[in-house]
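First comes the structure, then the notes that go with it.
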Amino acid sequence: MKALSLPHQMQSSNLIKKIQDAKSLLLTTHKQCDGDGLGAQLGLYHSLKKMDKDVRVMCVDDVPKKYRFLDYDKYLEVYERPHKPIEETDLALIFDTNDRRLVEPLFSELEKKCKDILFIDHHPTLNQGPEPTLGSYIDTSAASTGEIAYFIIKTLGVRLDEKIARALYTSIAFDTQIFRYVKSSPVSHLIAAELLEYEKNAEEIHRSLFATHTIDKIGYLSKVLSEVEFFADGRIAIIRLSRKDLKDFNLDMDDSRDVIDMIMNIKTLQVAALFREEEKDTYKLSLRSKGEIEILSIAENFQGGGHMFASGALIKGPFKEIKEKVVSQFLNRLDAS
Ligand SMILES: [Mn+2]
-4 MKALSLPHQM QSSNLIKKIQ DAKSLLLTTH KQCDGDGLGA QLGLYHSLKK
46 MDKDVRVMCV DDVPKKYRFL DYDKYLEVYE RPHKPIEETD LALIFDTNDR
96 RLVEPLFSEL EKKCKDILFI DHHPTLNQGP EPTLGSYIDT SAASTGEIAY
146 FIIKTLGVRL DEKIARALYT SIAFDTQIFR YVKSSPVSHL IAAELLEYEK
196 NAEEIHRSLF ATHTIDKIGY LSKVLSEVEF FADGRIAIIR LSRKDLKDFN
246 LDMDDSRDVI DMIMNIKTLQ VAALFREEEK DTYKLSLRSK GEIEILSIAE
296 NFQGGGHMFA SGALIKGPFK EIKEKVVSQF LNRLDAS
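Our numbering applies: residue -4 is where the sequence shown begins, and numbers increase by one.
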């Protein structure tokens, strides 16, 4: 088997030394956490515990219940819930984002209490938006933040175990959507193969991440999917999710995540936009592209961010108006490609 070598970027960065030197650490990830950020921070949490570090792991807001198989309740604190005060801390590590706005209000608290704050991420840094903190570690070639966490753990010399492997495998399986999006590299598979020496129930993880639909959810999906609008001969799709539908079908925000991924399975489709209503005339916009059309800059036009081919923003205005803006930006790019 091809041996995994440490990314050059990590060899030459100060990240490992900073982690080694820190006595106290706090790990966190972006709001409305997902399997990648959660798995990466938990993987590192278990590893730092083994190094006898004073370490806390915290999410800004509640963790979706589908991640219960990670047993996060036992370790993880939620900033928006009652928790021990955050004391003076040597180092805060923030996973799976480099945009401090996605970590507020926790980020401002960390700025007061932590000597150093570093982002560990695989999203491109924003052209329009706050810069990551100095010394942050960003590797956009990684298919998941969990892969970066794996290399950190290996470099720290911590031996893998069931808990670390489960957390990291969750990261990789989540962000690659079970090895569908691997950035044309063998790294995700090679790391996973090693993790599976410790993780004996990968299929349970796959089910927990991607097969947790309820009957309500299927009802919701069938309604939402019947309302998708297509443009440019089926190359563009627009989806609007109302708060009312989520409520009517007893669902929460996390349940709306996979709608756009389902739409992307349409063969003719190049790009899709999902507008999730947060409040009246305020939408969380998610953009996806199959890879021919770059859509990060569209998200940035609305003060958002993300990846080249999966991005998002918060956007305000009457739906019809903002929809037209997004469709026209899509059409411009389709014409140019
Ligand atoms: Mn990620």
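Even glycine gets a Cβ: it sits at the ideal position worked out from N, Cα and C.
Closest by CA to residue i, which one among the options?
| i | options | result |
| --- | --- | --- |
| Asp211 | Ser180, Leu241, Lys61 | Leu241 |
| Asn93 | Asp111, Thr128, Ile147, Glu75 | Thr128 |
| Ile234 | Ala168, Leu220, Leu191 | Leu220 |
| Val58 | Val50, Lys45, Gln36 | Gln36 |
| Leu264 | Ile317, Tyr67, Ala232 | Ala232 |
| Phe114 | Arg96, Gln123, Lys195 | Arg96 |
| Ser7 | Gln123, Ile133, Asp85 | Ile133 |
| Ile261 | Lys285, Ile89, Ile147 | Lys285 |
| Lys315 | Ser306, Asp330, Thr277 | Thr277 |
| Leu10 | Lys79, Thr150, Lys107, Met303 | Thr150 |
| Ser136 | Ala187, Lys275, Met248, His3 | His3 |
| Ser217 | Glu99, Asp249, Val254, Lys318 | Val254 |
| Asp247 | Arg154, Asp68, Arg328, Thr209 | Thr209 |
| His117 | Glu142, Arg328, Lys107, Phe225 | Glu142 |
| Pro80 | Ile258, Lys60, Lys107 | Lys107 |
| Lys318 | Leu329, Phe225, Pro77, Ala17 | Phe225 |
| Glu82 | Leu21, Asp66, Tyr67 | Leu21 |
| Gly38 | Gln15, Tyr70, His201 | Tyr70 |
| Pro119 | Asp29, Met259, Met303 | Met303 |
| Glu359 | Cys54, Ile293, Asn327, Gly152 | Any property of residue 359 remains undetermined from this structure, which presents the chain solely from -4 to 332. |
| Asp156 | Asp68, Phe205, Glu189, Ser180 | Glu189 |
Excluding the 5 residues flanking residue i on each side, which residues of the same chain have their C-beta closer than 6 Å to its C-beta?
| i | result |
| --- | --- |
| Ser105 | Reading the sequence as shown, one finds Leu at residue 105 and not Ser. These residues qualify, in order along the chain: Ala87, Ile112. |
| Leu121 | Gly300 |
| Phe102 | Arg95 |
| Glu273 | Lys279 |
| Arg161 | Glu194 |
| Gln123 | Glu295 |
| Met5 | Phe146 |
| Phe90 | Thr24, Gly32, Ala35, Gln36, Ile115, Thr140 |
| Cys109 | Thr84, Ala87 |
| Phe64 | Ser203 |
| Val321 | Ala268 |
| Ala405 | Examination of residue 405 is not possible in this model, given that the chain is present from -4 through 332 alone. |
Quick one: using the 10 Å Cβ neighbour count with 16 as the cut-off for buried, is residue i buried or exposed?
| i | result |
| --- | --- |
| Asp47 | exposed |
| Gly301 | buried |
| Gln324 | buried |
| Lys158 | buried |
| Glu199 | exposed |
| Ala308 | buried |
| Phe174 | exposed |
| Thr23 | buried |
| Gly229 | exposed |
| Ala305 | buried |
Is the Cβ-Cβ distance between residue i and residue j less than 7 Å?
| i | j | result |
| --- | --- | --- |
| Val52 | Tyr40 | yes |
| Ala333 | Leu282 | The structure shown does not extend to residue 333, since the chain spans only -4 to 332, so no value can be given for it. |
| Tyr145 | Glu194 | no |
| Ser332 | Glu289 | no |
| Asp31 | Ser203 | no |
| Ser183 | Ala138 | yes |
| Gly214 | Phe169 | no |
| Leu(-1) | Leu185 | yes |
| Arg271 | Ser251 | yes |
| Ile148 | Ser19 | no |
Within its chain, find whatever has a CB closer than 8 Å to the CB of residue i; leave out the 5 residues flanking it on each side and keep chain order.
| i | result |
| --- | --- |
| Asp256 | Gln172, Arg283 |
| Lys13 | Leu86, Asp111, Leu113, Gly130 |
| Lys44 | Val50 |
| Gln298 | Gln123, Gly124, Ala308, Leu309 |
| Glu222 | Ile234, Arg235 |
| Val177 | Ala138, Thr171, Ser183, His184 |
| Pro313 | Asp276 |
| Arg154 | Lys45 |
| Met259 | Ala267, Arg283, Lys285 |
Given residue i, which residues of its chain have a CB within under 7 Å of its CB, disregarding the five upstream and five downstream residues?
| i | result |
| --- | --- |
| Ala197 | Tyr164, Leu191 |
| Asp56 | Lys26, Gln27, Val73, Glu75 |
| Lys311 | Asp276, Thr277 |
| Asp249 | Pro59 |
| Ala206 | none |
Kindly examine ligand 2 and report whether one of its heavy atoms sits closer than 6 Å to the Cβ of residue i.
| i | result |
| --- | --- |
| Asp134 | Ligand 2 is not part of this structure, which contains only ligand 1. |
Practice item. Please specify which runs of the beta strand (DSSP E), each continuous and at least 3 residues long, are wholly inside the segment 138 to 226, giving them in chain order. Key: 224 to 226
**Study point:** Unbroken stretches of the beta strand (DSSP E), 3 residues or longer, contained in the segment 89 to 144
**Key:** 109 to 116
Practice item. Pick out the complete beta strand (DSSP E) segments inside the segment 20 to 70, 3 residues or longer, and give them in chain order. Key: 49 to 54
Check your understanding: Which parts of the segment 262 to 298 are runs of the beta strand (DSSP E), unbroken and 3 residues or longer, counting only runs that do not cross its ends?
Key -> DSSP runs (the beta strand (DSSP E)) wholly in the segment 262 to 298: 266 to 274, 277 to 284.
Point to revise | Secondary structure, alpha helix (DSSP H): runs of 4+ residues fully inside the segment 233 to 261 | key: 238 to 243, 252 to 258
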